[in-house]
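Written below as C-alpha cells is the structure these notes are about.
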Amino acid sequence: MPRSAAAGRGRVMPRLPKRPRCGGLPDREGRVMGAVLSGATEAPSIPAAQMASRHRATKAEQRAAALIAKVAAGHTRLSNERPSLFEIREVLQELWAARRAVDEVHFAALGVADFWEDPASDHPAGRRDDRAVPEAGADGVGSDRERAAVMTEASTPTKRRARRPDEMTRFREWLTANGAEVLAPTNEWEVVRFRGDQGVSIVYRNATKSISRMTGQAAEALATFRTGGTMRFVSRGRTVITRAEPLVRALVERDGAACFYCDESFTDALPPTREHLLSRTHGGPDHIANQALACEPCNRRAGHLSLVEKIRLRDRLRAERSAS
C-alpha cells in the first residue's frame with residue numbers, strides 16, 4: 000500500500016521507549032576511563048564473564064534492531080508480521096537486562112560497584128544521579144560539606160508559596176469583618192453583592208473582568224478597603240427593630256426578653272437586634288430556627304464569628320456576668 004494511503008488510514012508507528020544509556024553514569028565512567036588512559040590506574044583485563052555478557056548484549060541488540068525494522072515496515076504497509084506491544088516490551092526488557100549485565104561486569108573490573116541505586120531495579124529511574132555532586136577533596140572537609148549541601152538540596156522537595164487571595168476575595172472578607180452581609184451574586188457580571196445599612200450594594204465587572212460600575216455604598220467601601228481603613232455597616236441581621244415586629248415577638252416568646260449572649264434584659268436603652276447564629280455569609284438560613292435576639296453591643300462583638308465561637312462567647316459573657 001502506498002505511504003499516502005497508509006497515512007490516510009491513520010496508522011502511527013508506536014513510540015518505543017528510549018534505550019537507556021549504557022555504561023553506568025557518564026561522568027563517573029569518564030573519570031575512571033580517564034584515569035586508565037592517563038596511566039594512573041592499570042587497565043583491567045577482560046574476564047570471560049564480561050565477554051559472555053557482551054555476546055548476550057550483542058544478540059539482544061540484533062533482535063531489537065530487527066524489531067525496530069519490523070515496526071518501521073508495519074508503519075508503511077499492512078503486514079501480518081507486525082510485532083505486538085507485548086513482543087516489543089519483551090525484547091526491550093531483554094536488551095536492557097543484557098546491557099546492564101555488561102555494565103556490572105565492566106565496572107566491577109574497574110572497581111566501581113555502586114552505580115545502581117537499587118540492584119533489584121531494571122528501570123533507569125533506579126539509577127542514582129551523582130553528576131551534580133562534587134568529588135571529595137584530599138582534605139575531605141570543604142568538599143564533603145559541598146556534597147552534603149548538594150544532596151540535601153536535591154532531596155528536599157520544592158516548597159510552593161501559597162497564592163494570595165485576589166482583591167475581591169479580600170474585599171468580601173473585609174466587608175464581613177466590618178459588619179456587612181455578603182450576598183451571593185445573581186448573575187455573572189456581579190463581582191460583589193452585599194447588604195449594609197443603606198440597602199444592597201453591588202460591584203459590577205465587564206467582559207474584560209475589570210470593574211465597570213458600582214451601586215450603593217460599593218464605591219465608598221472599596222475605596223476605604225484599598226486605603227486600609229475601616230467602615231462600619233449594620234446589616235439586616237443586626238438592624239435595630241421594634242418589639243412590635245411579629246418575628247421579634249416570636250423570638251421573645253421562645254427565648255425570653257434577654258440577650259442571647261450576656262443574658263441582659265432588653266430595655267428602651269438596650270433594644271434587641273436579630274442575630275443569625277450561623278452567619279448568612281457562612282451559608283446560614285434566614286429562618287427563625289437560626290435566629291436569636293441579642294443586644295447591640297454583643298451583636299457587634301460577635302461579628303462574623305463561627306457558630307462554635309459564638310457559643311464560646313456566650314458562655315464567657317454569662318460566666319463574667321455571674322462572677323460580677
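Numbering that gives the first Met the number 0 applies: residue 0 is where the sequence shown begins, and numbers increase by one. Ideal placement from N, C-alpha and C gives every residue a C-beta, glycine not left out. Predicted, not measured: the structure shown is a model, and the values here were computed from it.
Exercise for the section: Identify which residue in W188, G215, A220, V199 has its Cα closest to the Cα of A206. Expected result: As a working mapping, residue 206 is identified with position 207 in the sequence shown. Checked all of W188, G215, A220, V199; the closest Cα to A206 is W188.
Problem - Span separating the alpha-carbon of N298 from that of T226 - result: Against the sequence shown, residue 298 aligns to sequence position 299. Against the sequence shown, residue 226 aligns to sequence position 227. Each residue's alpha carbon lies about 26 Å from the other.
Exercise for the section: Alpha carbon to alpha carbon, how far is A96 from E89? Give it in angstroms, no decimals. Expected result: Within the sequence shown, the letter at position 90 stands for residue 89. Within the sequence shown, the letter at position 97 stands for residue 96. When rounded, the distance between both Cα atoms is 11 Å.
Exercise for the section: May I ask you to check if the CB of H286 is nearer than 7 Å to at least one heavy atom of the ligand SAM? Expected result: With respect to small molecules bound, the structure shown includes none, and the ligand SAM cannot be examined in it.
Exercise for the section: Please name the residue, chosen from S211, G283, A218, T57, that lies closest to L174 on a Cα-to-Cα basis. Expected result: In the sequence shown, counting from the first residue as 1, residue 174 sits at position 175. Closest option to L174, Cα to Cα, is A218.
Problem - Backbone CA spacing between D267 and E295 [nearest angstrom] - result: The residue given as residue 267 occupies position 268 in the sequence shown. The residue given as residue 295 occupies position 296 in the sequence shown. Each residue's Cα considered, the two are about 12 Å apart.
Exercise for the section: Using beta-carbon positions only, say whether K259 and A291 come within less than 8 Å of one another. Expected result: Mapped onto the sequence shown, residue 259 falls at position 260. Mapped onto the sequence shown, residue 291 falls at position 292. Position check: residue 259 holds Phe in this sequence, whereas Lys was assumed. Yes.
Practice task
May I ask you to report which of helix, strand or coil DSSP gives H303?
Solution key: Within the sequence shown, numbered from 1, the residue matching residue 303 stands at position 304. Three-state DSSP puts H303 in coil, outside helix and strand.
Problem - Residue burial classification, N186 (beta-carbon count within 10 angstroms, cutoff 16) - result: Walking along the sequence shown from the start, residue 186 turns up at place 187. N186 comes out exposed.
Handout entry: Same chain, Cβ closer than 7 Å to A243, neighbours up to 5 away in sequence not counted
Key = Stepping through the sequence shown from its first residue, residue 243 is reached at position 244. Note on A243: pLDDT 45, under 50, position unreliable in the model; the coordinate value appears next. Closer than 7 Å at Cβ, skipping near neighbours: no residue.
Handout entry: For K292, the first and last residue of its enclosing beta strand (DSSP E)
Key = Translated into positions along the sequence shown, residue 292 becomes position 293. What sits at residue 292 in the sequence shown is Leu, not Lys. Note, L292: beta strand (DSSP E), 290 to 294.
Practice task
Report back the beta-carbon spacing between V190 and M167 to the nearest angstrom; my notes put them in contact at under 8 Å.
Solution key: Within the sequence shown, residue 190 is the residue found at index 191, counting from 1. Within the sequence shown, residue 167 is the residue found at index 168, counting from 1. Correct: roughly 5 Å between the Cβ atoms.
Practice task
Would you list the one or two residues that DSSP bridges to G198?
Solution key: For the purposes of this step, residue 198 is taken as residue 199 along the sequence shown, with counting starting at 1. In the DSSP output, where bridge partners are listed per residue, G198 has G195.
Practice task
Quick one: give me the first and last residue of the alpha helix (DSSP H) that M230 is part of.
Solution key: Along the sequence shown, one-based indexing puts residue 230 at 231. No alpha helix (DSSP H) contains M230, which DSSP labels as neither H nor E.
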